[in-house]
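Residue numbers (this note's numbering): 1353 to 1480.
Worksheet: one structure, shown below.
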């Protein structure tokens, strides 16, 4: 099985983001009603997002991310709002292809890696 990265998933459109939100909600063991309440949206609207019938705005994605306790950046990348930044493509590919990790774990590892890269780039820039 070939792992599909966030960049490829973003190309699939609203269905991919809805699918990802549903997976994250189920992994977090949060009901649709609970997430709708936490995100400040109606239950039917969240259902439409999860089924790929509606494409949420960046503001709604931020509220959903807050409700799921994941980074909004993950959802922006999945929705195609932000472009996936690749550091070492082999490292990122290895993380995304690892079947022993869940989607949330993969994204957290990539986020941490990117965070360290940004921090190091800032340190180098300020030292120059």
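Heads up, the beta-carbon is just placed ideally off N, CA and C, and yes, glycines get one too.
All figures in this text were calculated on a predicted structure; none of them were measured in a lab.
Could you check the C-alpha separation between residue i and residue j for me, to the nearest Å?
i	j	result
residue 1412	residue 1388	10 Å
residue 1382	residue 1415	14 Å
residue 1372	residue 1450	17 Å
residue 1471	residue 1384	36 Å
residue 1377	residue 1399	12 Å
residue 1468	residue 1430	21 Å
residue 1370	residue 1409	12 Å
residue 1447	residue 1458	6 Å
residue 1417	residue 1424	5 Å
residue 1454	residue 1460	10 Å
residue 1419	residue 1428	15 Å
residue 1402	residue 1375	9 Å
residue 1426	residue 1473	21 Å
residue 1396	residue 1464	34 Å
residue 1406	residue 1478	43 Å
Starting from residue i, trace the alpha helix (DSSP H) both ways and give me its first and last residue.
i	result
residue 1466	1455 to 1479
residue 1424	1424 to 1431
Once DSSP output is grouped into helix, strand and coil, what is the label at residue i?
i	result
residue 1380	coil
residue 1418	helix
residue 1404	coil
residue 1392	coil
residue 1399	helix
residue 1445	helix
residue 1411	helix
residue 1370	helix
Under the assumption that residue i contacts residue j (Cβ atoms under 8 Å), give the Cβ distance between them as a whole number of angstroms.
i	j	result
residue 1380	residue 1421	7 Å
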